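Respectively, the protein sequence lines represent chains A and B.
Quick note: to get this note's numbering, add 1 to the position in the first sequence (first position is 1).
Quick note: to get this note's numbering, add 76 to the position in the second sequence (first position is 1).
Even glycine gets a Cβ: it sits at the ideal position worked out from N, Cα and C.
Please read all numbers here as calculations on a predicted model, not as lab measurements.
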Amino acid sequence: MKISIQREEVISYELADADITLLSALNEIKHNQDNTLTYASGCRSGVCGSCSMRVNGKEVLACSYKVQDGDFIEPLKNVPLIRDLVVDMDKAYSFNAIAKAWQKSDSNGVMLSPENEKMNELQSDCILCGSCYSACPVYSVNSEFIGPFSLTRVWKYVSDKRESDEAEKIEIIQNNGIWDCTLCNECTLVCPQDISSKADIEKLRSKSAMAGYTDPNFANSFGGFGGPSFDGSPVF
Amino acid sequence: MPNNNVLIIGAGGAGLVAALHAKAKGANVRVISKEYPTRAQTCMAQGGINAALGNAGEDSVADHIANTLKSAHGIANEDAIKLLCSEAPNAVTWLDSIGVCFSRTQESKIAQRTLGGASAPRACYAQDYTGLKILHTLYDRCLAQNIEMLNERFLLEIHTHEKDNKSCVSGVSVLNIRSGEVEFYESSSVIIATGGYSRVYDKFSTNSKASTGDGVMVAMRAGARVSDMEFVQFHPTALKNSSILISESARGAGGYLLNSQGERFTNELAPRDEVSRAINDEMLKGEEIFLDIRHLGEEFIDEELPQERKLAKLYENLDPVNELIPIKPVAHYTMGGIEVDKNSQTCVEGLFAAGECANHRVHGANRLGGNSLLELIVFGKQAGESAAEYAFKNSDAIKNVNNSRVILELDKYTNEIDFYKIKESLGELFYKDVGISRDEKTLAQTLVKVESYIQDLPKMGVTDKSKSYNTNLIEFLEFKNTLELSRLILIAAISRQESRGAHFRSDYPNENEKFSMHTIIDKDGVVS
Numbered sequence: 002m003k004i005s006i007q008r009e010e011v012i013s014y015e016l017a018d019a020d021i022t023l024l025s026a027l028n029e030i031k032h033n034q035d036n037t038l039t040y041a042s043g044c045r046s047g048v049c050g051s052c053s054m055r056v057n058g059k060e061v062l063a064c065s066y067k068v069q070d071g072d073f074i075e076p077l078k079n080v081p082l083i084r085d086l087v088v089d090m091d092k093a094y095s096f097n098a099i100a101k102a103w104q105k106s107d108s109n110g111v112m113l114s115p116e117n118e119k120m121n122e123l124q125s126d127c128i129l130c131g132s133c134y135s136a137c138p139v140y141s142v143n144s145e146f147i148g149p150f151s152l153t154r155v156w157k158y159v160s161d162k163r164e165s166d167e168a169e170k171i172e173i174i175q176n177n178g179i180w181d182c183t184l185c186n187e188c189t190l191v192c193p194q195d196i197s198s199k200a201d202i203e204k205l206r207s208k209s210a211m212a213g214y215t216d217p218n219f220a221n222s223f224g225g226f227g228g229p230s231f232d233g234s235p236v237f
Numbered sequence: 077m078p079n080n081n082v083l084i085i086g087a088g089g090a091g092l093v094a095a096l097h098a099k100a101k102g103a104n105v106r107v108i109s110k111e112y113p114t115r116a117q118t119c120m121a122q123g124g125i126n127a128a129l130g131n132a133g134e135d136s137v138a139d140h141i142a143n144t145l146k147s148a149h150g151i152a153n154e155d156a157i158k159l160l161c162s163e164a165p166n167a168v169t170w171l172d173s174i175g176v177c178f179s180r181t182q183e184s185k186i187a188q189r190t191l192g193g194a195s196a197p198r199a200c201y202a203q204d205y206t207g208l209k210i211l212h213t214l215y216d217r218c219l220a221q222n223i224e225m226l227n228e229r230f231l232l233e234i235h236t237h238e239k240d241n242k243s244c245v246s247g248v249s250v251l252n253i254r255s256g257e258v259e260f261y262e263s264s265s266v267i268i269a270t271g272g273y274s275r276v277y278d279k280f281s282t283n284s285k286a287s288t289g290d291g292v293m294v295a296m297r298a299g300a301r302v303s304d305m306e307f308v309q310f311h312p313t314a315l316k317n318s319s320i321l322i323s324e325s326a327r328g329a330g331g332y333l334l335n336s337q338g339e340r341f342t343n344e345l346a347p348r349d350e351v352s353r354a355i356n357d358e359m360l361k362g363e364e365i366f367l368d369i370r371h372l373g374e375e376f377i378d379e380e381l382p383q384e385r386k387l388a389k390l391y392e393n394l395d396p397v398n399e400l401i402p403i404k405p406v407a408h409y410t411m412g413g414i415e416v417d418k419n420s421q422t423c424v425e426g427l428f429a430a431g432e433c434a435n436h437r438v439h440g441a442n443r444l445g446g447n448s449l450l451e452l453i454v455f456g457k458q459a460g461e462s463a464a465e466y467a468f469k470n471s472d473a474i475k476n477v478n479n480s481r482v483i484l485e486l487d488k489y490t491n492e493i494d495f496y497k498i499k500e501s502l503g504e505l506f507y508k509d510v511g512i513s514r515d516e517k518t519l520a521q522t523l524v525k526v527e528s529y530i531q532d533l534p535k536m537g538v539t540d541k542s543k544s545y546n547t548n549l550i551e552f553l554e555f556k557n558t559l560e561l562s563r564l565i566l567i568a569a570i571s572r573q574e575s576r577g578a579h580f581r582s583d584y585p586n587e588n589e590k591f592s593m594h595t596i597i598d599k600d601g602v603v604s
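Following this line, the structure appears as C-alpha cells:
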C-alpha cells in the first residue's frame, strides 16, 4: 500500500499490505525508510493522547486507526505546527487553567453514589488528545475560545457533588465559552473516547440559565432546558 | 540564602504528587517532563490502587502488610511496607478529596476489587481507567496550585558539586526537544520521578515507548546507586500480537487462563511471578494461552472492563464477550531502581527519587498489583516534603553550564550501525534469555553481546541532523540509556544464583537464604 504524509511537502511511502495501525506504519517508515519522519507517540493503546493526527481530513489516534491504501496523513489543525506531525499543545492545554477546570477545594466526607459517579464517568475518560480543538470551527476563528475538552472538564467538575463552588466556574465560561459554540457536533464525531463536548456545553448552558445567565445570541435562548441531553447522560 | 527551589524531573503520578506536597510545604516548584504530564506511563495503569478500606469485604492494614511482605519474598524493608500500607487509606481519601472519579458501591463507598496475591478485595478503581483518572486529577490540581510545568525537555545530566566531602546536587541539564537547545536548571534540591525501564524489552513490554529508564541511568552516572535491577515483573496477560496490557482485574473478576486444549492450568489469582511462570511453562510445551472472560457477561464487561473490550477488538480483532483472548506475559514493571533512604533521598545530597524509578524496597522480588499507584502517592508525598525541607536549608550552588557533554560526544558518532535494529535485537534477546526464566550460560552470553553493543555505540548515532524536534536523536539517547541499564540488569541477574520472586534461575531453581539481600550496584560494579 501507499500512504502520503504532509511534511514540509507531501511525501509518499510504500508499505507492505498488512492489517496494522497507522502508528505501526509510521514506526515502520521511521525505523526502516526515513529516520527523519517526526511524530509523537506513547502508550500505543489509546490512552495517553500523544498520537492524534488527521487522516483524510478526519482526526484519529494513530495507534487506534487501521491504515488503508491511499491514506493522506496530516497534523492536527488549529494548533502551532512544530515539525511534520508534531504540534504544540501548550496553548490548547492552557484553557484548562483559564477555565479553572479543577475542584476548587478539597472535599471532606462527601459520599458519592453510583448515580453521582455516572454524572461524569465518561467526561473523566478524556485523554486530552486535542482532536476536538482541531475539529472545532469556532476555535479555528476565535483563538480565545475555551474549546471542547476544557468545557467538558468544566462540566466534569461542575457536575461533581464534591465541587463546593460551581458559581465561579459557570461565570468564567460565559465569555469565549459556552455561548460561542455553534453546537455543530464536530468535536463529538472525532473524540476517540466517545465524549460529546457539545452535549456537555448544552448542559453547562442549562446550568447557566438556571444561575440567571442568558444567551447573548438571542436566537439560541430557547430550548436546551430539561429533557435528556444529547448523549443521554443525566443533566441534574 | 536558600531560595526554596525544588526541581522535579518527570510529570507522572509520582512527580505530580511530589510537586503538590513540596508546594504545600512552601517550596517554589518546577516540574520538567520529556512529554506532557498527562501522557506519562501512569495513565496506563488499569487495575486499581490498594488500600485496606474494607468496602467490599473484610480487610485490614495488617493483611495488606502480610500480603505485600509475602509477595516480596524476603527482600523488602518491613518498615517501608508498614508505612506504605498504613498510609494507603489516607492516600485514597486524599485522591477522593481532590476529585478522582472512583467507581462506587451501592452504599456510596469507593468500590474495591480483588487483584492477584491479595487476601481481600483491596484495589480501589475507576472502571479500568484508574491510572488515567488519577493522573489527570493530579494534573488539574497542579494547575490549580499554579505549579510551573515545562514540557518536552529530555534529561541529559544531573550536575553535582563537592561540599564538606559530600557530593551535592547543583542542578540538571536538559535538551529542549522543540528548540534543540541545551538548558540548565539550577537547584539544590532535585527529585527524579522518571519511571521504570521495562522498554529494555522493547516490544515485549506493556509499557509506553517512553519507559526507557532515563532518570535511573542519569542518576547513576551522577553518583547515585541502584539496586535490585534483576527483578523485572512480567505481567501474565498482555495481548499476544501487540503486548498491550489486559488488566489483572479481568482475572480478579473471575477470568480464566486456558491452554490450547481449553484447560485451566494454574491459580489465576496467584502473584504475577507465579502466574507468568506457569504460562511460560505451558508455552514451552507448545501451548497457546488464552484469557477467557466470556462467562462474566457483556453487561459486567462493559461496566467494569470497558477498556479491555475496546483494546481486544482493536488489536486482536476479537470481542472478548464471545471469544477467547490470546495472551502472553511481557515485561511490565521494574522493581529495581535508584536506592533511596527513609526520606527518599539518594546517596547524593539533595537528590531524591520516587515512583517506579526508585527502589523504596516495598515490592522486593515481586510487586503486587495495585501497589504501584499506591507507591506513587505515598512516596511521592515523602519525596516532595523531604525535598522541600532540604531546599529550605540549602542554597542553590551557581554553576554555569554552556553545553552538555552528552550532546557534544554525539558529534563524533559515525552512524555506521543502525541503532533501531540493535534496539529490536536487544528486546528480543532480553525477552528470550533475560525474561521469565534465566540461566548462567545464556545470561553470560547476553552480557558479552550487550558489552559489544556498548563498545559499538560510537559507530551508531543519528541520521537526522535537524535541531528542532529531533525524535531520531531522542530515541538514540533513550536507547543509550536502556542499553547501559540492560548491562546492570545482567550483572545483577548473574550475581543472584538463586530463584526468588520474578527472578527465576533454571540452574538454581530454589530460594537460597544466602541471597536474602539486595543487589546494590554503583558506578564501579556490584557493591553487595
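Give me the Cα-Cα distance between N218/A and I179/A, rounded to the nearest whole angstrom.
11 Å
Put V424/B into one of helix, strand or coil per three-state DSSP.
coil
In angstroms, rounded to a whole number, what distance separates the CA positions of Y332/B and G503/B?
29 Å
Which residues in the same chain as I234/B place their Cβ atom closer than 7 Å to its Cβ, once the five residues preceding and following it in sequence are excluded?
V245, V248, V266, V294, A295, A298 and L427
Validate contact between the region 252-269 of chain B and the region 219-229 of chain B using beta carbons, cut 8 Å, 3 pairs
yes
When you compare the CB of E167/A with every CB in chain B, is at least one pair closer than 8 Å?
no
From Q117/B to E432/B, what does the alpha carbon distance come to, in whole angstroms?
10 Å
Which parts of the region 55-141 of chain A are runs of the alpha helix (DSSP H), unbroken and 4 residues or longer, counting only runs that do not cross its ends?
91-99, 115-119 and 132-136
Where the region 95-114 of chain B meets chain A: residues whose CB sits under 8 Å from a CB there:
E111, Y112 and T114
Strand pairing of F366/B, partner residues [DSSP]
L334/B and P402/B
Alpha carbon to alpha carbon, what distance is there between A194/B and I453/B?
20 Å
Proximal residues, the region 34-53 of chain A versus chain B, C-beta separation under 9 Å:
D35, N36, T37, L38, T39, Y40, A41, S42, G43, C44, R45, S46, G47, V48, C49, G50 and S51
For Q531/B and chain A, any beta-carbon pair shorter than 8 Å?
no
Taking all protein chains shown into account, decide if S13/A is buried (16 or more other Cβ within 10 angstroms of its Cβ) or exposed.
exposed
Where do the ends of the alpha helix (DSSP H) carrying K590/B lie?
Run containing K590/B: none; DSSP gives neither H nor E here.
For S108/A, which of H140/B, V176/B, N548/B and S184/B has the nearest alpha-carbon?
V176/B
When the Cα of E29/A is compared with those of Q194/A, K3/A and V142/A, which residue comes out closest?
K3/A
Using only alpha-carbon positions, find the residue among K158/B, D278/B, V168/B and N588/B that is nearest to C44/A.
D278/B
Spatial neighbours of K110/B within its chain, please: CB distance less than 6 Å, with the 5 preceding and 5 following residues excluded, ordered by chain position.
F230
Rounded to the nearest angstrom, what separates S5/A and D20/A at their Cα positions?
18 Å
F150/A by DSSP, collapsed to three states: which one?
helix
Quick one: which chain B residues come within Cβ less than 7 Å of D72/A?
In chain order: nothing, as chain B lies at least about 17 Å away.
Give a yes or no on whether the C-beta atoms belonging to C161/B and T144/B are separated by under 8 Å.
yes
Write down the C-beta distance between C127/A and C188/A rounded to the nearest angstrom, noting that I regard them as a contact closer than 8 Å.
That belief does not hold up - the Cβ atoms of C127/A and C188/A are roughly 11 Å apart, past 8 Å.
Got a sec, what are the start and stop residues for the beta strand (DSSP E) Y261/B sits in?
V258 to E262
Taking any Cβ of chain D, which residues in the region 122-151 of chain A have a Cβ under 8 Å from it, in chain order?
In the structure shown, chain D does not exist; the protein chains are A and B.
Across the region 260-274 of chain B and the region 79-92 of chain B, are there enough close Cβ pairs to call them in contact, namely three or more that are closer than 8 Å?
yes
Note down, in chain order, every chain B residue with its Cβ under 9 Å from the Cβ of S108/A.
D172, S173, I174 and G175
So, helix, strand or coil for L184/A, using DSSP?
coil
Which of the three DSSP states is assigned to L345/B in this structure?
coil
Count the other CB atoms within 10 Å of the CB of C185/A; is the residue buried (16 or more) or exposed (fewer)?
exposed
Output needed for I597/B: all residues of its chain with C-beta closer than 6 Å, excluding positions within five of it in sequence on either side, in chain order.
V302 and L564
Should the region 395-410 of chain B be regarded as contacting the region 359-367 of chain B, the criterion being three or more beta carbon pairs within less than 8 Å?
yes
On the three-state DSSP scale, how would you describe D216/A?
coil
At which residues does the alpha helix (DSSP H) containing D201/A begin and terminate?
S198 to M211
So for I4/A, helix, strand or coil by DSSP?
strand
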